[in-house]
Amino acid sequence: MIHGFNLGVSALLNERFPWLKTEENVSLARRTTIGCGGTVAVSASPSDAEEASELLAYLLGSGIPYAFLGAGANTLPQDEDIDGVLIRTDRLTALLMGGNCIFAGAGVTGGALCRFARGHGVGGFEPFTGIPMTVGGAVTMNAGVPGWHISDVVIRVLAVQNGKIRSFPLEMCAFGEKKSVFQEGIFVVGALFRAEPASKERIAANTARYRERRKSLPKGRSMGCTFVNPEGRSAGELIESCGLKGFREGGAHVSEVHANFIINEGGTAADVAALIGRVRGEVLAKTGISLREEIRRLTFDVHT
Ligand SMILES: Cc1cc2nc3c(=O)[nH]c(=O)nc-3n(C[C@H](O)[C@H](O)[C@H](O)COP(=O)(O)OP(=O)(O)OC[C@H]3O[C@@H](n4cnc5c(N)ncnc54)[C@H](O)[C@@H]3O)c2cc1C
Numbered sequence: 000m001i002h003g004f005n006l007g008v009s010a011l012l013n014e015r016f017p018w019l020k021t022e023e024n025v026s027l028a029r030r031t032t033i034g035c036g037g038t039v040a041v042s043a044s045p046s047d048a049e050e051a052s053e054l055l056a057y058l059l060g061s062g063i064p065y066a067f068l069g070a071g072a073n074t075l076p077q078d079e080d081i082d083g084v085l086i087r088t089d090r091l092t093a094l095l096m097g098g099n100c101i102f103a104g105a106g107v108t109g110g111a112l113c114r115f116a117r118g119h120g121v122g123g124f125e126p127f128t129g130i131p132m133t134v135g136g137a138v139t140m141n142a143g144v145p146g147w148h149i150s151d152v153v154i155r156v157l158a159v160q161n162g163k164i165r166s167f168p169l170e171m172c173a174f175g176e177k178k179s180v181f182q183e184g185i186f187v188v189g190a191l192f193r194a195e196p197a198s199k200e201r202i203a204a205n206t207a208r209y210r211e212r213r214k215s216l217p218k219g220r221s222m223g224c225t226f227v228n229p230e231g232r233s234a235g236e237l238i239e240s241c242g243l244k245g246f247r248e249g250g251a252h253v254s255e256v257h258a259n260f261i262i263n264e265g266g267t268a269a270d271v272a273a274l275i276g277r278v279r280g281e282v283l284a285k286t287g288i289s290l291r292e293e294i295r296r297l298t299f300d301v302h303t
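Residue numbers are given in numbering that gives the first Met the number 0: position 266 of the sequence shown equals residue 265, and the series is strictly consecutive.
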C-alpha cells in the first residue's frame, strides 16, 4: 500500500517541483531521538520560503496528509507506516547577521546557532548549549531552560500559514510554557533574533556552565522531558513521588536518573505511548494532578 502511494506522490512532487529534494520510505526511528516508529512514504525538503509555500499550498489543495519534523528530539512517531509527506527543514540553513539581529533558518541546529553567535561576539544564546534541536522545532516548542526560553530572544518568525508566507511579530507567536501558535499547523521557515554584544569570556563561561548542568541528564534514547511542569511543581518529582522510577512498558522505561525522562531501549512507539498513559494515570490517581504532555505526537493530517 505504502509502496503504491510513495511512487505516486513522490513522482507527482518531482514532476511538479523539480527543484524539491525528496526521499522515499523515510524511517522515523532514524529521524527521531526516541528511536522508534514506522516509515513515511516521502519526505520533502524546501530550501526557502517560496518553495515551502508552493509545496504547502499544493499539499493543502490536493488533500495529501503531511507533518513537519526538525531534529525529532521532542517527537513521538507512530509504529504504522504512513501514507503522507514529511516536511523537513534540512535545507533551511541560512544564518545571517545584520545590525543587532541574527536570522536563522528553521533547519539550523542549536549547536550551529551557538557557534555562529559566539563567532560574532553575540551573547544570550548560551542556554541552547547541548539542547538537541533545530530552530524550527525550538520556536514551535518555545524551548529553553528554567528561567529562559527562546521567546526571550525572538523578534519575529517567518512562516507559511495556509500556503502563504507570513511574518509573525513576537506578540503574534502566542508563546507559552512549551507552546506557540506554530503548533497549529503553521510551518516555521526561520526566525529573527535579538543579538546583544557580549565579551568572549562571558560567553565562554556561560557556555561551560550550561554544558556542565546537562551532564546530569539521563543518557539513552529519549525525547527529553515528557511532561510540562505543572504550575509551581516539578513533573519529575511528582512522578518519582508516585514510585514510578524504573516503571516499564515493553522496551520503554521511566528513567532512574530523572523521572520525567522516558528511555527507549528497542521498544516500539506503542510501548512509549502506553508508558506515558500509565504514568499520567498513576500520577492523577495518587496526586489529583493531570500532567500535560510536552512531547509532540507526529500525526499526519489532511489540512484544509
Ligand atoms: C536529551 C534531550 C534533552 C532535551 N533538553 C531540552 C531542554 O533542556 N529544553 C527544552 O526546551 N527541550 C529539551 N529537549 C526537547 C527538544 O530538544 C526541544 O523541544 C527542541 O526544541 C526540539 O527541536 P526539534 O527540532 O527536535 O523538534 P522536533 O521534535 O522535530 O519537532 C517538535 C514539534 O515541532 C514541530 N516542528 C518541527 N519543525 C517545525 C517547523 N519548521 N515548523 C513548524 N513545526 C515544526 C514538529 O511537528 C513537532 O510537533 C530535550 C530533548 C532531548 C532528547
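Think of the CB as a built atom: it goes at the ideal place given N, C-alpha and C, for glycine as much as any other residue.
Can you determine whether any heavy atom of ligand 1 sits closer than 7 Å to the C-beta of Ala-88, and answer yes or no?
In the sequence shown, counting from the first residue as 1, residue 88 sits at position 89. In the sequence under discussion, the amino acid at residue 88 is Thr, which differs from the Ala named in the question. Thr-88 Cβ: within cutoff of ligand 1.
Can you give me the C-alpha to C-alpha distance between Leu-95 and Gly-118, rounded to a whole angstrom?
The count along the sequence shown starts at 1 and reaches residue 95 at position 96. The count along the sequence shown starts at 1 and reaches residue 118 at position 119. Rounded to whole angstroms, Leu-95 to Gly-118 spans 12 Å at the Cα level.
Alpha carbon of Asp-89 to alpha carbon of Asn-24, nearest angstrom:
As a working note, residue 89 is residue 90 in the sequence shown. As a working note, residue 24 is residue 25 in the sequence shown. About 17 Å.
Cβ-based neighbour list, Ala-269, same chain, cut-off 7 Å, excluding 5 preceding and 5 following
Start at 1 with the first residue of the sequence shown, and residue 269 comes out as number 270. Excluding residues within five positions, the ones whose Cβ falls inside 7 Å are Asp-78.
Contact test: Ser-26 Cβ vs ligand 1 heavy atom, cutoff 7 Å:
Taking the first residue of the sequence shown as position 1, residue 26 is located at position 27. No - ligand 1 has no heavy atom lying nearer than 7 Å to the Cβ of Ser-26.
I need the DSSP call for Asp-82, collapsed to helix, strand or coil.
Working through the sequence shown from its first residue, we reach residue 82 at position 83. In this structure, Asp-82 counts as strand in the three-state DSSP scheme.
Can Arg-210 and Gly-129 be called in contact, C-beta distance under 8 Å?
Within the sequence shown, numbered from 1, the residue matching residue 210 stands at position 211. Within the sequence shown, numbered from 1, the residue matching residue 129 stands at position 130. Going by C-beta atoms, Arg-210 is nearer than 8 Å to Gly-129.
Can you tell me which of the three DSSP states Val-180 falls into?
For the purposes of this step, residue 180 is taken as residue 181 along the sequence shown, with counting starting at 1. Looking at Val-180 - three-state DSSP - the assignment turns out to be helix.
According to DSSP, is Pro-196 helix, strand or coil?
On the sequence shown, residue 196 is found 197 positions in, with the first residue counted as 1. Here Pro-196 sits in strand by DSSP.
Nearest-angstrom Cα separation, counted from Gly-249 out to Phe-192
Sequence index remark: in the sequence shown, residue 192 carries index 193 (1-based). Sequence index remark: in the sequence shown, residue 249 carries index 250 (1-based). A direct Cα-to-Cα measurement between Phe-192 and Gly-249 gives close to 42 Å.
Could you tell me if Val-256 is buried or exposed, where buried requires 16 or more neighbouring beta carbons within 10 angstroms of its beta carbon?
To locate residue 256, count along the sequence shown from 1; it is residue 257. Burial is judged here by how many other beta carbons sit within 10 angstroms of a residue's own beta carbon; Val-256 has fewer than 16 and is exposed.
Where Ala-103 and Lys-285 are concerned, what is the direct C-alpha to C-alpha distance, given to the nearest angstrom?
Taking the first residue of the sequence shown as position 1, residue 103 is located at position 104. Taking the first residue of the sequence shown as position 1, residue 285 is located at position 286. Roughly 44 Å separates the two Cα atoms.
Only counting runs of 3 or more residues, tell me where the beta strand (DSSP E) segments fall wholly within the stretch 223-287, in order along the chain.
251-253, 261-263
Just to confirm the assignment, what range does the beta strand (DSSP E) spanning Leu-94 have?
Residue mapping note: residue 94 aligns to position 95 of the sequence shown, counting from 1. Unbroken beta strand (DSSP E) run through Leu-94: 94-97.
For Ala-105 versus Leu-91, is the C-beta distance shorter than 8 Å?
Numbered from its first residue, the sequence shown carries residue 105 at position 106. Numbered from its first residue, the sequence shown carries residue 91 at position 92. Yes, these two residues count as a Cβ contact at 8 Å.
DSSP three-state assignment for Ala-111, whether helix, strand or coil
As a working note, residue 111 is residue 112 in the sequence shown. Note: Ala-111 maps to helix in three-state DSSP.
Would you mind giving the Cβ-Cβ distance between Ser-179 and Ala-173, rounded to the nearest angstrom? I have them listed as a contact below 8 Å.
The residue given as residue 179 occupies position 180 in the sequence shown. The residue given as residue 173 occupies position 174 in the sequence shown. Contact holds; Cβ gap of about 6 Å.
Going by Cα to Cα distance, which pick from Lys-199, Ile-86, Gly-265 is closest to Val-188?
Here residue 188 refers to the residue found at position 189 of the sequence shown. Ranking Lys-199, Ile-86, Gly-265 by Cα distance to Val-188 puts Ile-86 first.
For Thr-206, which three-state DSSP category applies?
Within the sequence shown, residue 206 is the residue found at index 207, counting from 1. Helix, per DSSP.
Contact under 8 Å by Cβ, Phe-299 with Ala-66
In the sequence shown, the residue the question calls residue 299 occupies position 300. In the sequence shown, the residue the question calls residue 66 occupies position 67. Result yes, Cβ atoms of Phe-299 and Ala-66 sit closer than 8 Å.
Put Asp-151 into one of helix, strand or coil per three-state DSSP.
In the sequence shown, counting from the first residue as 1, residue 151 sits at position 152. Asp-151: helix per DSSP, three-state reduction.
Cβ pair Gly-36, Pro-76 closer than 8 Å
Translated into the one-based positions of the sequence shown, residue 36 becomes position 37. Translated into the one-based positions of the sequence shown, residue 76 becomes position 77. Taking 8 Å as the Cβ cut-off, Gly-36 and Pro-76 qualify as a contacting pair.
My understanding is that Val-282 touches Cys-241, with C-beta atoms under 8 Å, so please give their C-beta distance in whole angstroms.
Counting from one through the sequence shown, the residue named residue 282 turns up at place 283. Counting from one through the sequence shown, the residue named residue 241 turns up at place 242. The pair is a contact, with the Cβ atoms about 5 Å apart (cut-off 8 Å).
Nearest residue (CA-CA) to Pro-131, options Ala-51, Lys-163, Val-153, Met-222
Counted from its first residue, the sequence shown places residue 131 at position 132. Checked all of Ala-51, Lys-163, Val-153, Met-222; the closest Cα to Pro-131 is Met-222.
Note down, in chain order, each residue of its chain lying with its Cβ closer than 7 Å to the Cβ of Ala-258, except the 5 sequence neighbours on either side.
Your numbering for residue 258 matches position 259 in the sequence shown. Closer than 7 Å at the Cβ level, and outside the excluded window around Ala-258, lie Gly-235, Ile-238, Glu-239, Leu-243, Lys-244.
With 16 other Cβ atoms within 10 Å as the buried cut-off, status of Lys-177
Taking the first residue of the sequence shown as 1, we reach residue 177 at position 178. So Lys-177 counts as buried.
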